[in-house]
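Okay, so here's the structure we're looking at.
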Amino acid sequence: MSSTPPVLLNTGLQMPLLGLGTYKLVGPEEVYGAVDAALGAGYRSFDSAAVYRNEADLGRALKELLPKHGLTREDVFITSKLGPKDQGKKAMEGALRSLSQLDLGYIDLYLIHWPGTQGLDVADQRNPGHRSQSWATLEELHAQGKLKAIGVSNYTAAHMRELMQSCKVPPAVLQVEFHPKLCQTELRKVCEEYGVCFQAYSSLGKGELVTDPVVLEVAKNCERTTGQVLLRWAVQQGVPVLPKSSNPERIKDNARLFDFTLSDTDMDRLSDQMSSPASSIPPVLLNTGLQMPLLGLGTYKLVVLEDVCRAVDAALGAGYRAFDSAAVYRNEAELGRALKELLPKHGLTREDVFITSKLGSSHQGEKAMEGALQSLSLLDLGYIDLYLIHWPGTEGLHVADQRNPVHRSQSWATLEELHAQGKLKAIGVSNYTAAHMRELMQSCKVPPAVLQAEFHPKFCQTELRKVCEEYGVCFQAYSSLGKGNLVADPVVLEVAKNCERTTGQIRVNSLHLIVLESQPGWQPIPQTVWKSQVYVPSIRPAMLSNSSLILRSCRPYFFAAHKAGGADLDRTLNGAPSVGVPASSAKSSSSLETVEAWDSEFSRSRPVPKKTKAGPKVSTARHAER
Ligand SMILES: NC(=O)c1ccc[n+]([C@@H]2O[C@H](COP(=O)([O-])OP(=O)(O)OC[C@H]3O[C@@H](n4cnc5c(N)ncnc54)[C@H](OP(=O)(O)O)[C@@H]3O)[C@@H](O)[C@H]2O)c1
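Using full-length UniProt numbering, the letters of the sequence shown map in sequence onto residues 1 to 626.
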């Protein structure tokens, strides 16, 4: 059996395009069996790591099996990785341990497994220092000939740039997750720019992608297995792959990649139909020139870091690029950490997402600077895309208190100052009445970019929307589903039934999506991302975790650029008997009474400041173990 074609690394070394992944191959017997089958099927490359705890078994299996297959040490290419617990000053100890465990004289390619250090938060300022110490160690061992090539894994574009600026030896390889659902466009460009070989892991989506309908269709067309189609999709682009299997038949099957070609149409189908639907959410243009996605994820009541991470992960996968937080939601830090952790996984950067937060009413007035800086520091994302005054009043003051207008104006001046410094890209207000809007427009230097207010068919905000139109302010909706109550409204049910047009799987949670979709310019936000419950025609749910209900606790909201066309539905629903819609929503807009009613409801529903359990660290180890 001939070996697989190679790619040329920037060190001059050749690395086979196909290697056997060994994550989860455990115990001497399983490793031996897989290596035997792989060598027989033509594999000449094996990917291990300190955290896989199989370096010794792999080394032993190779020493025994190479002669059986008429091969020598020089015929195979061995990769291993420095564990995140050894990042930094323990790097030498970690790398020497890998060399000793494998016991093959040298390692062909040694990678820093993860940019972080085990036990440190991703944002910890010690991480860059640790990365650079590890890299210097790898350079030293490379110079000694113990590591023939050195590289990195799970680095973002920013990490790559940081490394390129300081390294003496440039990385030969960047190994990251890569398959048709995660095309890593930016990272691939960065690798091309720096002459670094881009290598794929999890090409089969950890086995989940082999049953994807698009892959099945392509496989049927070209009479190949789905595994081969997924792997061919990568190698045809010159990207080396590392499929893992413990099954000799699959190991053999996955190696048959170099005797067929996928047509351009099939390549495009896989890339286009399966990739993350980022671009399918249209933006609305703000008066600052910024573009804000029409669809965003509300985060009210998402408090625990683990929940925030799960929701953000699923949302990014489903195409969301906007996230709405607030000081009073007490989740700014969690949202920031989740994004920092998860953006790279989705091939995205900070600039790809739009983050909104809000100044709490306890910081209204002269404490506004403190409040806004606190939001900036908790989110820790460099800047906030949109920052709103959450509420026109000040905590503890009656709505009619004469100090309120002064406080509002002080808060606005602060927001203007931070906007001028580039820390708040756009500024706006929330829960303002038409009168508040007029007051603000008369005194502001920078006009508000956005007014965020409750908006749904039972609360059409006609006057406020007119005011926004008059002033060129984007009217943004929250509580579009009437806090969940509207989905059971008989009129909504009726309309949903009428316009049913796809499957018969209409569930309570998807009813509102159909209704909202029927109104031009409206963008629905799913309350859950159960694969079966998400029905957003323009947004294909990406590879969502099928574990359980992911966004159960998310507060959905949507941005509305409401155009003419939904008026009939508006009228019908406004006239329809209220079905458990909160009192504030059932009232007409813009009266002080409404404001007060909402205020008291707001105070009631404000999350009780509870001690969140330390929350799962956005752990580096968790990722390295993948
Ligand atoms: N650098 C990193 O941080 C990192 C992260 C993840 C992975 N990796 C490397 O990349 C390798 C591959 O990634 P991965 O293990 O995450 O996942 P993967 O290769 O995408 O998928 C492996 C899974 O798919 C199944 N499978 C294999 N061939 C199949 C086929 N032809 N049809 C159906 N199912 C098939 C395997 O089950 P059976 O074993 O039962 O066949 C296994 O459950 C890892 O083993 C590791 O070496 C590196």
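Backbone N, C-alpha and C define an ideal beta-carbon position, used for all residues, glycine too.
These numbers come from a predicted model, not from an experiment.
Contact check for L9 and V241: beta-carbon distance about 16 Å, past the 8 Å limit, so the pair fails to qualify. Nearest C-alpha to E74 among D108, R438, L99: D108. The beta-bridge partner set that DSSP reports for M15 consists of V7. By the beta-carbon neighbour count (other beta carbons within 10 angstroms, threshold 16), H398 is exposed. When DSSP reads this structure, D47 sits in a beta bridge with G21, T79.
If you look at D385, you'll find it in the beta strand (DSSP E) that goes 384-389.
Under the three-state reduction of DSSP, K423 is assigned to coil, being neither helix nor strand. A direct Cα-Cα distance of roughly 16 Å separates T72 from P16. Following the DSSP letters along the chain, one finds Y432 in no beta strand (DSSP E), marked with neither H nor E. Looking at P283, G145, D86, the one whose alpha-carbon comes closest to that of F354 is P283. Collapsing the DSSP output to three states places T414 in a helix.
Classified as buried, Q364 has 16 or more neighbouring CB atoms from the shown chains inside 10 Å of its CB. By the C-beta criterion, the region 95-108 is judged not to be in contact with the region 119-133, since fewer than 3 inter-stretch pairs fall below 8 Å. Rounded to whole angstroms, C222 and S263 show a C-alpha spacing of 9 Å. With respect to the C-alpha of D272, the residue from W233, L440, Q291, R321 having the closest C-alpha is W233. Residue side-chain check: L141 keeps its Cβ at 6 Å or more from all non-hydrogen atoms of ligand 1. One thing to note: A95 has its Cβ within 7 Å of the Cβ of L141.
By a beta-carbon distance limit of 8 Å, V76 does not contact C197. Their separation comes to about 18 Å. Annotation for S153: the continuous beta strand (DSSP E) segment containing it runs 147-153. Remark: the C-beta of L204 is in contact range of ligand 1, defined as less than 6 Å to any heavy atom.
Residues L111, I112, P171, L174 of the same chain have their beta carbon placed closer than 6 Å to that of V152, with the five preceding and five following residues left out of the count.
Buried is the label assigned to D212, since at least 16 other Cβ atoms lie within 10 Å of its Cβ. At a threshold of 6 Å, T22 counts as near ligand 1, since its beta carbon sits closer than that to one of the ligand's heavy atoms. E439 is bridged by DSSP to nothing; it lacks a bridge partner.
Using a 10 angstroms sphere on the CB of E332, the tally of other CB atoms reaches 16 or more, which defines it as buried. Collapsing the DSSP output to three states places S357 in a strand. Listed as beta-bridge partners of C183 by DSSP are no residues whatsoever.
S443 has its CB no nearer than 6 Å to any heavy atom of ligand 1. Burial is judged here by how many other beta carbons sit within 10 angstroms of a residue's own beta carbon; P392 has at least 16 and is buried. At the C-beta level, L388 and V429 come within 7 Å of one another. Residue range 474-478 is occupied by the beta strand (DSSP E) that includes Y478. Judged by pairs of C-beta atoms under 8 Å, the region 302-321 does not touch the region 402-420, as fewer than three such pairs exist.
Put simply, the region 11-28 does not touch the region 80-91. Fewer than three CB pairs are less than 8 Å apart.
A distance criterion of 6 Å places the beta-carbon of G347 beyond contact range of ligand 1, judged by its closest non-hydrogen atom. Here R44 is buried, its C-beta having at least 16 other C-beta atoms within 10 Å. Membership of A453 in the beta strand (DSSP E) is indicated by the continuous run 450-454.
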